[in-house]
C-alpha cells in the first residue's frame, strides 16, 4: 500500500478548465500539505491542513482551493487554469503539527495547454 | 527560518563516500538541520535531521560543526541510485513549514 497516493499522476488540460488533484494518506498523520514544483524545479509550499483545518496558505491565488473532507484526504481544486499552473504538485503528510519528517507522494504532473 | 547555501552540483564515484556540504551561518539555537533528497520524477524523501550532535541512520550520517554554522551529509558508499537533488533545510522547532532551497544535484558516476 502506498503511504501517500495522488491521483491522477498526469493531467493534461486546456486553459480555462477546472480540475482537481486528489491526495490520500494511510499513515494516520494529522497534517497534510500541497507543494508545487515548477519547471525550474523549485519546490514551494502552497497549503497546509491540520485535522481538516487550514493552517498555512502561502499567498496562492484563490483559483486554488484545497479541500479536506477527512483527515486522510486533502484534495486540490484549481479553477480557470492558466499556463503558469503547469507544474508537478506534491502532496505531503506529517505526524503531529510540526518538527517531524514529511512524507511525500509521487506527484501529479499538470500540463495546461 | 535560516537560509542555507549548497553547491549547485557535485559528482562522486560509485562506491566512494559522498560528502555534501551545507552552510547555515545564521542558524539559531532552536533550528534543526534537515536533509531531504529528490530522485528524478519522484517525491522528496526524508534522509536525516539533527540539532547539535552528529546523527547516523541506515541511509546517511549528518555531521554538524560545533558552532552549528555548517553541516555535511555523508553517504558512506554511494550507489548509482543515490543520484538525486539533495536539499539541506533549516527548520525551527515547532514550525509548520518545510522550505526548500535549490539543493545540490549529486551525480554518482560508475
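Residue numbers (our numbering), protein chains in the order written: chain A, 1344 to 1456; chain S, 10 to 119.
For each residue, glycine too, the CB sits at the ideal point set by N, CA and C.
Just so we're clear, the structure is a prediction, and the values are computed from it rather than from any experiment.
- Not one beta carbon of chain A lies nearer than 8 angstroms to the beta carbon of residue 59 of chain S.
- One alpha carbon belongs to residue 99 of chain S, the other to residue 57 of chain S, and they sit about 12 angstroms apart.
- Around the beta-carbon of residue 1451 of chain A, 16 or more other beta-carbon atoms lie within 10 Å, marking it buried.
- The three-state secondary structure of residue 114 of chain S, taken from DSSP, is strand.
- In terms of CA proximity to residue 1436 of chain A, A/1391 leads the group A/1400, A/1422, A/1391 and A/1362.
- Taking the CA atoms as reference points, residue 1359 of chain A sits about 25 angstroms from residue 1412 of chain A.
- Residue nearest to residue 1426 of chain A within the set A/1377, A/1396, A/1393 and A/1356 is A/1356 (criterion: CA-CA distance).
- The shortest CA-to-CA distance from residue 1410 of chain A to any of A/1347, A/1423, A/1446 and A/1366 is the one to A/1366.
- Under a 10 Å Cβ-count criterion, residue 80 of chain S is classified as buried, with 16 or more other Cβ atoms of the shown protein chains found around its own Cβ.
- Around residue 1350 of chain A, the same chain offers 1365 as residues with beta carbons nearer than 6 angstroms, after the five sequence neighbours per side are excluded.
- For residue 40 of chain S, the number of other beta carbons within 10 angstroms of its own is at least 16, and it is reported as buried.
- About 5 angstroms separates the beta carbon of residue 95 of chain S from that of residue 46 of chain S, a gap short enough to meet the 8 angstroms contact definition.
- In the three-state reduction of the DSSP assignment, residue 90 of chain S falls in the helix class.
- Taking a cut-off of 8 angstroms for Cβ pairs, the stretch 98 to 114 of chain S and the stretch 1379 to 1399 of chain A touch, as three or more such pairs fall below it.
- Annotation: the continuous beta strand (DSSP E) that includes residue 58 of chain S extends over 54 to 59.
- Pairing residue 19 of chain S with residue 1363 of chain A, the inter-Cα distance amounts to about 38 angstroms.
- Taking all protein chains shown into account, residue 53 of chain S has 16 or more neighbouring C-beta atoms within 10 Å of its C-beta and is therefore buried.
- Under DSSP, residue 1361 of chain A takes part in no beta bridge, so it has no partner.
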